[in-house]
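Residue numbers for the sequence shown follow this note's numbering, so the first one is 33 and each next one is one higher.
All residues carry an ideal CB built from backbone N, CA and C; glycine is no exception.
If you're wondering where the values come from, they're calculated on a predicted model, not measured in any experiment.
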Amino acid sequence: MADLEIRGLTRVFPGGVRALDNLDLHIRDGEFFALLGPSGCGKTTLLRSIAGLERPDAGQILIGGRDVTRLPPGARDLAMVFQDYALYPHMTVAENIAYPLKIRRVGRKDRRQTAESVGASLQIKGGMLDRRPGQLSGGQQQRVALARAIAYRPRVFLFDEPLSNLDARLRLEARTFLKQLQRDLGVTTVYVTHDQAEALALADRMAVMERGHIRQLDTPSNCFLRPANTFVASFIGSTPMNLLSATVRDGGCDVAGQRLALPEIVRGQVQSGEAVVLGMRPEYADVSLVEVPEGLSGPVRVLENLGVDSLVTIEIGDLRVQATTPEDCVPALGDRVWLVPDQRRLLVYRADDGERIAVGPAAPFAETTVDAGSL
Ligand SMILES: Nc1ncnc2c1ncn2[C@@H]1O[C@H](COP(=O)(O)OP(=O)(O)O)[C@@H](O)[C@H]1O
Ligand SMILES: [Mg+2]
């Protein structure tokens, strides 16, 4: 078992792209840690640096307290699964899975047994074990690569979007399996994904990255309920958060020419005349067909069926605001509705830099820090 410490890690590619910019991060022993961010933010570069496949320009990497910054990949005792599974084409599937054991001189019979048991848990079984990777679908190959990492039993798992080639249903199944497996094995895991739902579902803690920086280091629930800035707010959530420009006025605020009450706890943290951005998830607002004095009002412009509920797009002045409603109270297109935010979940950000200044009074929480180095 091992924790993982990143200190001041910097990687500048030829051409001047700062893929990692003086990054600090501590990943705890046994933790399932997700690195989340849009394409190009530096996730793969960070993972490859931990693996020893990328040489940082500055900074240190410690695994289990040992400085591995200058060690070759093979000496770091970690297993990596890439987006493009790197399987050995001339070996059978079973041989691929058990290859790490062969290097450790485990006997043929035990290798086969491991290949069968690890394989079975990933739906790789029967005749599939004796085929070559080239005879499998992309998704099947991805699962073989996962199985091989598991068979290796390393101190740290590094996953780079390992489920991205699976079809939607298999991806969900593999996700659940992976989470259970990581719990059972207790191996420190760093999991790269651009899929916010995957990060939320899997991680004990996660880092949301943007352009070589960590914008929030937190639990999934804090990233979802209390995004530290508008970048994280807009990146996390299956339905995008509403981010509404507003001006604080007389204990409430003006939004697109309408007045919205602010919760008391928020009022104490903003000043009259201050330009802010209100963060409101579609799930945390009610849509009313009868007038609600403190609601934002406008006509329904778009209706989208999400299955359990519907996503309603409402035109409020020059803004478009979205809210979900249960399937038994969906308004009709063109209906005038009143939107009432859940005051406990309302978020308020500074207009100029997008940093959070206030959260509604929902469930008390320990304020966490964006500065990963101090954790
Ligand atoms: N070998 C390379 N040479 C030049 N630029 C690179 C190289 N690898 C990555 N980059 C750049 O570094 C940034 C981060 O890339 P990457 O770590 O792959 O992002 P992510 O995995 O988050 O999509 C991107 O701007 C990318 O174009
Ligand atoms: Mg990548």
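Hey, does residue i have any beta-carbon neighbour from chain C nearer than 9 Å?
{"i": "Leu52", "result": "In the displayed structure, chain C is absent; only one protein chain is listed."}
State the DSSP-derived secondary structure class of residue i, mapped to helix, strand or coil.
{"i": "Pro186", "result": "coil"}
{"i": "Val176", "result": "helix"}
{"i": "Asp142", "result": "helix"}
{"i": "Arg383", "result": "It should be pointed out that residue 383 corresponds to Ala in this sequence rather than to Arg. Looking at Ala383 - three-state DSSP - the assignment turns out to be coil, as it is neither helix nor strand."}
{"i": "Gly151", "result": "helix"}
{"i": "Gly392", "result": "coil"}
{"i": "Arg39", "result": "strand"}
{"i": "Ala34", "result": "coil"}
{"i": "Ala321", "result": "The sequence shown places Leu at residue 321, rather than the Ala named in the question. Of the three classes helix, strand and coil, the one that applies to Leu321 here is coil, per DSSP."}
{"i": "Leu168", "result": "coil"}
{"i": "Val402", "result": "Note that Val402 scores a pLDDT of 44, beneath 50, so its modelled location is shaky; the value from the coordinates is reported in the next line. Coil."}
{"i": "Leu198", "result": "coil"}
{"i": "Arg163", "result": "coil"}
{"i": "Leu407", "result": "The predicted model places Leu407 with a pLDDT of 37, which falls under 50 and marks its position as unreliable, so this point remains unresolved."}
{"i": "Ile135", "result": "helix"}
{"i": "Lys211", "result": "helix"}
{"i": "Leu204", "result": "helix"}
Can you list, in chain order, the residues of its chain whose CB lies under 7 Å from that of residue i, leaving out five sequence neighbours each side?
{"i": "Arg43", "result": "Ala51, Leu52, Thr77, Ser81, Glu86, Pro88 and Asp89"}
{"i": "Val280", "result": "Val302, Gln303, Ser304, Gly305, Glu306 and Val308"}
{"i": "Ser266", "result": "Pro272, Met273 and Leu275"}
{"i": "Thr357", "result": "Val319, Asp341, Ser342 and Val344"}
{"i": "Leu365", "result": "Val332 and Leu335"}
{"i": "Cys255", "result": "Met238, Val240, Gln248, Val264 and Ile268"}
List the residues that DSSP assigns as beta-bridge partners of residue i.
{"i": "Phe23", "result": "Since the first residue shown for the chain is 33 and the last is 407, residue 23 is missing from the structure and cannot be characterised."}
{"i": "Met312", "result": "Asn274"}
{"i": "Ile297", "result": "The partner list for Ile297 (beta bridge, DSSP) is empty, contrary to what the question assumes."}
{"i": "Ala307", "result": "Thr279"}
{"i": "Asn337", "result": "Ser342"}
{"i": "Glu326", "result": "The partner list for Glu326 (beta bridge, DSSP) is empty, contrary to what the question assumes."}
{"i": "Leu287", "result": "Before going on, a small fix: residue 287 reads as Val here, not Leu. Note: Val287 sits in a beta bridge opposite Gln290."}
{"i": "Val372", "result": "Asp318"}
{"i": "Val332", "result": "Ile346"}
For residue i, which residues from the same chain have a beta carbon less than 8 Å from its beta carbon, with the 5 sequence-adjacent residues on both sides left out?
{"i": "Ser329", "result": "Gln290, Glu323, Ile348, Arg368, Val369, Trp370 and Leu371"}
{"i": "Met160", "result": "Val125, Gly151, Leu168 and Gln172"}
{"i": "Ala398", "result": "Because Ala398 sits at a pLDDT of 46, beneath the cut-off of 50, its placement in the model cannot be relied upon, and the point is left open."}
{"i": "Arg140", "result": "none"}
Give me, in chain order, the residues of the same chain whose beta-carbon lies closer than 6 Å to that of residue i; leave out the 5 immediate sequence neighbours on both sides.
{"i": "Gly91", "result": "Arg39, Gly40, Leu41 and Thr42"}
{"i": "Val231", "result": "Per the sequence shown, the amino acid found at residue 231 is Ala instead of Val. Only Ala66, Leu68, Thr225 and Met238 meet the Cβ criterion."}
{"i": "Thr345", "result": "Arg333, Val334, Arg352 and Gln354"}
{"i": "Gly47", "result": "none"}
{"i": "His165", "result": "The amino acid at residue 165 is misidentified as His; the sequence shows Pro. Closer than 6 Å at Cβ, skipping near neighbours: Leu119, Pro121 and Gln173."}
{"i": "Val391", "result": "Arg258 and Leu379"}
{"i": "Asp318", "result": "Val372"}
{"i": "Leu195", "result": "Arg203 and Ala206"}
{"i": "Ala293", "result": "Gly284 and Glu326"}
{"i": "Asp35", "result": "Arg60 and Asp61"}
{"i": "Ile297", "result": "Pro393"}
{"i": "Gly218", "result": "Gly62"}
{"i": "Gln375", "result": "Pro295 and Gly392"}
{"i": "Phe191", "result": "Val113 and Tyr223"}
When the Cα of residue i is compared with those of the options, which residue comes out closest?
{"i": "Ile129", "options": "Val391, His122, Leu178 and Leu275", "result": "Leu178"}
{"i": "Ser253", "options": "Phe191, Val264 and Val219", "result": "Val264"}
{"i": "Pro104", "options": "Ser270, Phe114 and Ile93", "result": "Ile93"}
{"i": "Arg388", "options": "Met312, Ser153, Thr262 and Leu202", "result": "Thr262"}
{"i": "Val113", "options": "Arg215, Leu310, Tyr381 and Tyr223", "result": "Tyr223"}
{"i": "Glu242", "options": "Gly74, Met33, Phe64 and Arg60", "result": "Gly74"}
{"i": "Asp236", "options": "Phe64, Asp56, Gln248 and Met33", "result": "Phe64"}
{"i": "Gly311", "options": "Arg377, Gly339 and Asp286", "result": "Arg377"}
{"i": "Pro363", "options": "Arg187, Ala288, Asp385 and Glu336", "result": "Glu336"}
{"i": "Gln155", "options": "Gly386, Asp56, Val176 and Asp142", "result": "Val176"}
{"i": "Pro186", "options": "His245, Ser153, Ala83 and Tyr117", "result": "Ala83"}
{"i": "Asp199", "options": "Asp350, Ala181, Gly170 and Tyr131", "result": "Gly170"}
{"i": "Gly25", "options": "Glu148, Gln228 and Ala260", "result": "The displayed coordinates of the chain run from 33 to 407. Any statement about residue 25 would go beyond what the structure contains."}
{"i": "Arg136", "options": "Ala183, Glu193 and Ala383", "result": "Ala183"}
Complete alpha helix (DSSP H) runs within the segment 45-133 (minimum length 4 residues, chain order): 75-83
Beta strand (DSSP E) runs contained entirely in the segment 340-369, provided each spans 3 or more residues: Correct list: 341-348 and 351-358.
Beta strand (DSSP E) segments (min. 3 residues) lying fully within the segment 217-273: 220-225, 237-242 and 245-250
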